[in-house]
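J.: Please read through the structure below; I'll follow up with questions.
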Amino acid sequence: GENVEQHPSTLSVQEGDSAVIKCTYSDSASNYFPWYKQELGKRPQLIIDIRSNVGEKKDQRIAVTLNKTAKHFSLHITETQPEDSAVYFCAAYIFEEYSGAGSYQLTFGKGTKLSVIP
Amino acid sequence: ETGVTQSPTHLIKTRGQQVTLRCSSQSGHNTVSWYQQALGQGPQFIFQYYREEENGRGNFPPRFSGLQFPNYSSELNVNALELDDSALYLCASSLVGDDTQYFGPGTRLTVL
């Protein structure tokens, strides 16, 4: 299976409703979990991150929760606005081996396209 | 504080050619990572540079190579371009010991 799985791939919500995006990861040693927002034709922008020593972090309308035992983390956006429409990526540091060596690599999910309908 | 910058913005090459992409890291950041983002996919890690040496590599062939300079800027070189190399190439800078990575705007490479 994939090292970082993200669901759903697309999500449509009415303006003002909440949106939840979920990710699971494979490496139990992972300890840093960022979320990026990427608008069409633009760079991924870090919107929030969480480390393994906390279970939840909030920044205004955005929150992230982490369950290390189950190896999953989620992004919650409340009171969604049209400008929240974008592709959201979760990521985690996963240990990968290549050519006999290994390193922790920031590994991304495949993304969730969020559409907020006015 | 200046952000991550990349050049060029767009590039068109033909199969078999070579390409060099450039990245200037955010002020004060000493680590640069490169990613390939195919259309509709998440960024895929190519490699990371710290102290002018490769500090980790993803599952990319040796024709993908890089450099980091004393001012922490970096280059990504791709030899013998293939059609599948068409993608957005992103660099991200960070401070060693800090997990947070900040992305540049990317270079859109098209291989014909």
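Same order as they appear, the protein sequences are chains A and B.
The opening position of the first sequence corresponds to residue 1 in the working numbering, with each subsequent residue numbered one higher.
The opening position of the second sequence corresponds to residue 119 in the working numbering, with each subsequent residue numbered one higher.
Glycine included, each C-beta is placed from N, C-alpha and C at the ideal position.
Just so you know, these numbers come straight off a predicted model, no measurement behind them.
Does the beta-carbon distance from Y220 of chain B to V137 of chain B come in below 7 Å?
T.: Contact flag unset, no.
J.: Since V13 of chain A and V116 of chain A are thought to touch, with beta carbons under 8 Å apart, how far apart are those beta carbons, to the nearest angstrom?
T.: Their Cβ separation, rounded to whole angstroms, is 6 Å, which keeps V13 of chain A and V116 of chain A in contact under 8 Å.
J.: By the 10 Å Cβ neighbour count, where 16 or more other Cβ atoms means buried, how is P161 of chain B classified, buried or exposed?
T.: Buried, by the Cβ-count rule.
J.: Is there contact between the region 187-200 of chain B and the region 149-167 of chain B, where contact requires at least three CB pairs shorter than 8 Å?
T.: Enough Cβ pairs lie closer than 8 Å, so yes.
J.: Rounded to the nearest angstrom, how far is the Cβ of R141 of chain B from that of Q124 of chain B, given a contact under 8 Å?
T.: Looking at the sequence provided, one finds Cys at residue 141 of chain B rather than Arg. Yes, they are in contact, since the Cβ atoms of C141 of chain B and Q124 of chain B sit about 5 Å apart, within 8 Å.
J.: State buried or exposed for P8 of chain A, treating a residue as buried only when at least 16 other CB atoms are found within 10 Å of its CB.
T.: Under this definition P8 of chain A is an exposed residue.
J.: So, G109 of chain A versus Q45 of chain A, is the Cβ gap smaller than 7 Å?
T.: Their beta carbons are not under 7 Å apart, which means G109 of chain A does not touch Q45 of chain A by this criterion.
J.: Nearest chain B C-beta to R43 of chain A closer than 7 Å, yes or no?
T.: Yes, contact with chain B.
J.: Name the chain A residues that come within less than 9 Å of T218 of chain B, Cβ to Cβ?
T.: The answer, in chain order, is Y32, P34, L46 and D49.
J.: Could you check which residue in A:V4, A:T24 and A:V20 has the C-alpha nearest to that of A70 of chain A?
T.: Checking every option, the nearest Cα to that of A70 of chain A belongs to A:T24.
J.: Could you tell me which of A:D27, A:G41 and A:P34 sits nearest to L60 of chain B, measuring between CA atoms?
T.: Chain B is shown from 119 up to 230; residue 60 of chain B falls before or after that span and cannot be answered.
J.: Taking the beta strand (DSSP E) that V122 of chain B falls in, what are its first and last residues?
T.: Here V122 of chain B belongs to no beta strand (DSSP E), and DSSP marks it neither H nor E.
J.: Which residue or residues does DSSP assign as beta-bridge partners of D49 of chain A?
T.: In the DSSP output, where bridge partners are listed per residue, D49 of chain A has A:P34.
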